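Undergrad: Below you'll find the structure I mean.
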Amino acid sequence: MQLILEQFPIVIRSLNIGFLQTLKLFFVTLIGAFPLGLVIAFGSMSHFRPLRYFSRFLVWIIRGTPLMIQLLIFYYFPGLVLHTPIWGSGERGRFLAASISFILNYACYFSEIYRGGIQSIPVGQTEAGLVLGMTRRQIFFKIKLLQMVKRIVPPMSNEIITLVKDTSLSRIIALQEIIWAGQSFLKGSQGISGAIWPLFFTAVYYLIWNGLLTTLLGYLERRLDYFK
Amino acid sequence: MAILEVQHIQKTFERTQVLKDISFSMEKGQTVSIIGSSGSGKTTLLRCLNFLERPDHGVIRVNGETLFDSADPAAGGEREIRRKRLHFGLVFQSFNLFPQYTALQNVMLAGQLLAQEAPDYKARKKELLLAIEQQARELLGQMGLSDRMENYPHQLSGGQCQRVAIARALALTPDILCFDEPTSALDPELTGEVLHVIRELADKETTMIIVTHEMAFARDVADHVIFMDDGTILEQGTPREVIENPKEERTRQFLARFHQETR
Chain L
1 MQLILEQFPI VIRSLNIGFL QTLKLFFVTL IGAFPLGLVI AFGSMSHFRP LRYFSRFLVW
61 IIRGTPLMIQ LLIFYYFPGL VLHTPIWGSG ERGRFLAASI SFILNYACYF SEIYRGGIQS
121 IPVGQTEAGL VLGMTRRQIF FKIKLLQMVK RIVPPMSNEI ITLVKDTSLS RIIALQEIIW
181 AGQSFLKGSQ GISGAIWPLF FTAVYYLIWN GLLTTLLGYL ERRLDYFK
Chain P
229 MAILEVQHIQ KTFERTQVLK DISFSMEKGQ TVSIIGSSGS GKTTLLRCLN FLERPDHGVI
289 RVNGETLFDS ADPAAGGERE IRRKRLHFGL VFQSFNLFPQ YTALQNVMLA GQLLAQEAPD
349 YKARKKELLL AIEQQARELL GQMGLSDRME NYPHQLSGGQ CQRVAIARAL ALTPDILCFD
409 EPTSALDPEL TGEVLHVIRE LADKETTMII VTHEMAFARD VADHVIFMDD GTILEQGTPR
469 EVIENPKEER TRQFLARFHQ ETR
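Going down the list, the protein sequences come from chains L and P.
Reading the first sequence from the start, the letters are residues 1 to 228 in the numbering used here.
Reading the second sequence from the start, the letters are residues 229 to 491 in the numbering used here.
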C-alpha cells in the first residue's frame, strides 16, 4: 500500500500524457470521419454505378476486417513492402498512420449510419416539399436534415463510445496512448517495474471519459425530443 | 373558359400502363370527385397534375396556359416546374406534415421560402413575414385550429393533422386544390371533421379535385363526378348521373355495396 502511494504521482503523470494522446486520436478521428462518412454515404447511394459499387466495396472491406489488421497494414505496408516509408519515424509517424486508419474505418461505419438516416425519412416529406414549391436544397436543409440528425444520434452515440475504447488498438503499432503508458510500468519505467495496477487503472480514465460523453450525447438526444 | 384542361394523358410504369388516355376539364369554382377502385390510376393522375410524375403523353392546361405538353420537348427545368406546380395544391392521404415544425410553422414555411425570392425581400422582410403569419393564422382559424397553432404534429389527432395540411396547401393560394384520399388514414369520427372543412371550402367555391372512397360525400359535395377504371375514365357527369344512375355495368358493380348500405 505504501509503495502504491509512492508510485501514484509518477504513474498518474505518465497516464495523463498517454490519455492526452488517446484524446487526440479520438478527436482527430471524429473530425475526419464525420465528413468523410457523409461523402461515402452519398457515394453508396449514387445513381452513378461505378461510384456506388466502389463505395459499397470499400465499406465491405473496411467493416469486414479487424481494425487492428488495418492499423498494421497502414503502418507497415508503405515502408516494408513498397519501400517508401511515408509516415516518417517516431511518435509523429505512428500518430499519422493511426489517424488515417481510424478515420477511414470510422467513416465507413458512419456512412452506413448516415445512409440509414437519410433513407429512413419517408419520401412523402420530399413530395410535400416539392408540391409546396421548394427547391431540392431547401427540402434537404429545411426539412430532412434535422429529422436525419435526430435519427442518427442514438446509433452515432454507440459508435462514439466504441471509438473511445478502440483507440487502445493503436497500441499494436506502439502509439504512446494510455494503455501503452500503463503497460510501461509492467516492463519497467521511471524506476517502477512489475507493477500491474497502472494498467488496470487506465480503465478509470475510459470510464470517466465515456461517462462524460454519455451525459453529453444524452442531453443532445433529449434536446431533439420535442418532435417525433 | 375551363380553368383546367387535361388532354390524352398517358403514363406507364415499367410495363404497366397506369393511365390510358385521360381527358377531362373543369370550371373555376367547381368541385370534381374522382372515384374508382384501388389501382385504377386516380392517385397517379393527381401526381401528374402536381408534377410529381411526368406523363408520357398528353397536355395539361390551366387558365389557358399550357403547363405540360409532351409534344414540346422543352418542358422546362426545375425552376420552371416549381413555378408551374404552384398552380396546384396537394393534400396527401398521409398528411406529410413536417414533424419538427409547429402547426403554424408548417403553414408558413413554404410562403417564407418563396418570399425570400422576391426582389425587394431585404427591404420589406418584416412586412412580408408578418403578412404570411397573419394569413397562416387566419387559415388555421378557418380550419378550427386556433388553439392548436403552437402544437407539433405528434401532439395532434389525425383529423387535426389533415386540417393543418389543408391550411398548408391553401397558404400558397393554388388555382386548383387536389386531395388524394384525404380521409383514408382516419377513423370514421375524425373523417367527419375533415369532410366538414372540405365541404366549407366547396361552399366558398374553391376549385377542387377530390379523390375519395367516401361515396356519400362525393355525391353531396361534387359538381362533377369522374369514375375511373383500369386507367381510363369510364363514366363522368353529375353526381346524380354517375352515382345514382350509372350507365356502365362496371360502375354499377363498383357502387353496388354503397347502394346496398344506403338503401
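Note that the Cβ used here is the ideal one computed from N, Cα and C, for glycine as well.
As the structure is a prediction and not an experimental result, all values here were calculated from the model.
#1: Can at least three beta-carbon pairs, one atom from the stretch 119–127 of chain L and one from the stretch 140–150 of chain L, be found at a separation below 8 Å?
#2: Residue ranges of each alpha helix (DSSP H) run of no fewer than 4 residues wholly in the stretch 309–381 of chain P, ordered along the chain?
#3: According to DSSP, is Gly-305/P helix, strand or coil?
#4: Among Thr-460/P, Met-229/P, Arg-468/P, which residue has its Cα nearest to the Cα of Val-290/P?
#5: Return no unless some Cβ of chain L is closer than 8 Å to the Cβ of Pro-283/P.
#6: Can you name, in chain order, every residue of its own chain whose Cβ lies under 6 Å from the Cβ of Leu-23/L, other than the five neighbours on each side?
#7: Starting from Met-229/P, follow the alpha helix (DSSP H) in both directions and report where the run begins and ends.
#8: Looking at chain P, which residues of the stretch 8–40 of chain L have a Cβ within less than 8 Å of any of its Cβ atoms?
#9: Could you spell out the range, first to last residue, of the beta strand (DSSP E) harbouring Arg-289/P?
#10: Which class does Leu-405/P belong to by DSSP, given the choice of helix, strand or coil?
#11: Could you give the C-beta distance for Met-456/P and Ile-237/P, rounded to a whole number, given that I count them as a contact under 8 Å?
#12: Looking only at its own chain, which residues have a Cβ that is under 7 Å from the Cβ of Leu-277/P, when we skip the five neighbours before and after it?
#13: If I'm right that Glu-177/L touches Gly-32/L with Cβ under 8 Å, what's the distance once you round it to whole angstroms?
#14: Can you tell me whether DSSP reads Leu-400/P as helix, strand or coil?
#15: Can you tell which of Asp-300/P, Gly-387/P, Phe-320/P has the C-alpha that lies nearest to the C-alpha of Ile-438/P?
#16: Work out the CA separation of Leu-342/P and Lys-270/P for me, nearest whole Å.
#17: For the beta strand (DSSP E) that contains Gly-88/L, what are its first and last residues?
#18: Does Ser-241/P come out as helix, strand or coil in the three-state DSSP assignment?
#19: Is there contact between the stretch 346–358 of chain P and the stretch 415–434 of chain P, where contact requires at least three CB pairs shorter than 8 Å?
#20: From what residue to what residue does the alpha helix (DSSP H) around Glu-417/P run?
#21: Name the DSSP bridge partner or partners of Ile-143/L?
#22: When DSSP builds the beta bridges, which residues end up paired with Ile-192/L?
TA: Based on what the coordinates show:
#1: yes
#2: 331–343, 349–370
#3: coil
#4: Met-229/P
#5: no
#6: none
#7: Note, Met-229/P: premise wrong, no alpha helix (DSSP H); not H, not E.
#8: none
#9: 285–290
#10: strand
#11: At roughly 12 Å, the Cβ-Cβ gap does not stay under 8 Å, so Met-456/P and Ile-237/P are not in contact.
#12: Ile-288, Phe-316, Cys-406
#13: 17 Å between Cβ atoms; not a contact.
#14: coil
#15: Phe-320/P
#16: 30 Å
#17: Element bounds for Gly-88/L: n/a, residue is neither H nor E.
#18: This sequence places Phe at residue 241/P; Ser is not what is there. Phe-241/P: strand per DSSP, three-state reduction.
#19: no
#20: 416–431
#21: DSSP output for Ile-143/L lists no bridge partner at all.
#22: Ser-189/L
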